[in-house]
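Okay, so the sequence shown: first residue is 1 according to the numbering used here, each after it adds one.
Beta carbons are placed, not taken as given, at the ideal position from N, Cα and C, and that holds for glycine.
First up is the structure itself, then whatever we jot down about it.
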Amino acid sequence: MIEVIFLGTGGIKPTPERNVPGIAIKIGREIILFDVGEGTLRQMEIAGLSPMRINKIFISHFHGDHYLGIPSIIQTMNLWHRRKPLYIYGPPGTAFFINNLLSSGYFRPSFEVIAIELMEGEEVKEKEYRIKPFQVSHGIPAFGYIFKERDKRGNFNMNKIKALGLRPGPWMREVEKKGRVVINGIEIKLEDITGPKKKGAKVVYTGDTEPVPLGDIAKDVDLLIHDATYIDEEDRKESYHSTVKEACEVWESGVLVLFHRAPRYKYVEYKREALKICPKAYVPRDFDRVLVGNGNVVFKVR
């Protein structure tokens with residue numbers, strides 16, 4: 001199970017009600033950030049999240065409201081004597097923008113900051129999860145991201161174990177580690193003695209985009225965090241953003257989160273009008289948290 005924390009739910013500029021985009025995913029002890037608008041470090045402090053647990057940052061595109069919070073995070077890591085590298089991923093141009101940030105002011109990080117430019121579909125793989133970028137339409141190089149937690153094995157099933165004439169013992173650790181074990185000349189596989197696999201969480205974040213077909217990306221999603229900057233088409237015009245209706249139309253499964261609200265809207269007003277258009281969508285506030293895993297989505301509203 002993972003936890004998704006909304007650090008900033010607005011777009012374009014901060015307002016007294018909300019910050020610009022920032023999403024944290026907690027998996028184990030690691031924190032992964034998706035977009036880092038200005039003020040994200042302060043939002044993390046309020047949320048009780050340590051920047052020292054960040055190993056990876058994924059930037060959707062290089063408009064200021066999505067990445068200008070990076071310098072303060074790096075500076076704080078430096079003050080706290082970080083040693084391990086920080087990886088910053090993004091679309092083509094990432095290395096240029098990050099290197100420019102690091103060359104402005106008196107930046108002398110005590111650790112390595114590694115900027116990695118991804119290609120569409122190029123996966124970042126870890127033991128517990130993988131992250132894959134996909135192309136969106138925002139007028140400049142821009143990605144959305146698919147976060148997929150790896151499925152977990154099912155729990156040991158004592159009825160299955162007893163049916164094989166076995167008793168619990170140290171052999172269970174061996175079969176868990178190796179996937180199989182031979183006992184009294186009989187091969188026992190892990191799937192022979194466990195229940196169904198626990199489905200890993202799937203979260204899709206579009207970043208900023210005008211409506212584009214998501215196809216398979218939108219299938220079997222637990223949480224779809226979609227650009228819904230504007231309530232109606234007239235407001236959107238030629239902004240390379242999406243409306244609530246357009247976000248609702250590409251939604252196929254899981255919970256739809258309407259993200260990146262324009263500064264003109266107050267939360268109550270936006271939520272009231274948005275839910276008239278897409279009644280089952282979720283409109284987050286800054287610091288809302290979501291637990292996602294094994295097909296379940298549980299909101300912890302502040």
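**OP:** Have a look at V257 and V268 and give me their C-alpha separation to the nearest angstrom.
**Re:** Rounded to the nearest angstrom, the two C-alpha atoms are 16 angstroms apart.
Original post:
Name the DSSP bridge partner or partners of Q135?
Top reply: Beta bridge pairing from DSSP links Q135 with F143.
Subject >> CB of F111 within 9 angstroms of CB of P91, strictly >> reply: A distance of 9 angstroms or more separates the beta carbons of F111 and P91.
Subject >> Buried or exposed (CB count within 10 angstroms, at least 16 for buried), M158 >> reply: Result: exposed.
Original post:
Where does the unbroken beta strand (DSSP E) through K202 begin, and where does it stop?
Top reply: Residues 202-205.
Original post:
Excluding sequence positions up to five away, which residues of its chain have a Cβ less than 6 angstroms from the Cβ of T40?
Top reply: The beta carbon of T40 lies closer than 6 angstroms to those of L7, G22, G69 in the same chain, with the five residues before and after it left out.
Original post:
In terms of DSSP beta bridges, what is K189 paired with?
Top reply: Looking at the DSSP assignment, K189 forms a beta bridge with R180.
**OP:** Kindly indicate which three-state DSSP category T9 falls into: helix, strand or coil?
**Re:** T9 falls in the coil class under three-state DSSP.
Subject >> Residue range of the unbroken alpha helix (DSSP H) whose run includes N342 >> reply: The first residue shown for the chain is 1 and the last is 302, placing residue 342 beyond what the model contains.
**OP:** Along the alpha helix (DSSP H) that carries L223, what are the first and last residues, could you check?
**Re:** Going by DSSP, L223 is part of no alpha helix (DSSP H) but of the beta strand (DSSP E) stretching over 223-227.
**OP:** Could you name each continuous beta strand (DSSP E) segment of 3 residues or more that falls completely within the region 218-296, going from the start of the chain to the end?
**Re:** Along the region 218-296, the beta strand (DSSP E) occurs as fully enclosed runs of 3 or more residues at 223-227, 255-259, 289-293, listed in sequence order.
Original post:
Under 9 angstroms, do I12 and A228 count as touching if we go by C-beta distance?
Top reply: Using a Cβ distance threshold of 9 angstroms, I12 and A228 do not count as a contacting pair.
**OP:** Let me know the secondary structure DSSP gives G215 once reduced to three states.
**Re:** G215 falls in the helix class under three-state DSSP.
Original post:
Would you report the Cα separation of I46 and R29, rounded to the nearest angstrom?
Top reply: The alpha-carbon of I46 is positioned some 18 angstroms away from that of R29.
Subject >> Alpha-carbon to alpha-carbon, I231 and Y270 >> reply: Between the alpha carbons of Y270 and I231 lies a gap of roughly 7 angstroms.
**OP:** Might you give, ordered along the chain, the residues of its own chain that have their beta carbon closer than 6 angstroms to the beta carbon of P168, omitting 5 neighbours on each side?
**Re:** Cβ within range, chain order: n/a, list empty.
Original post:
Which one of V255, Y265, A274, R264 has the shortest CA to CA distance from V297?
Top reply: With distances taken between Cα atoms, V297 lies closest to V255.
**OP:** Ignore the nearest five residues each way along the sequence and tell me which others in I27's own chain have a CB closer than 7 angstroms to its CB.
**Re:** Result list for I27: I2, E128, Y129, E149, in chain order.
Original post:
In this structure, does DSSP put E174 in helix, strand or coil?
Top reply: Helix.
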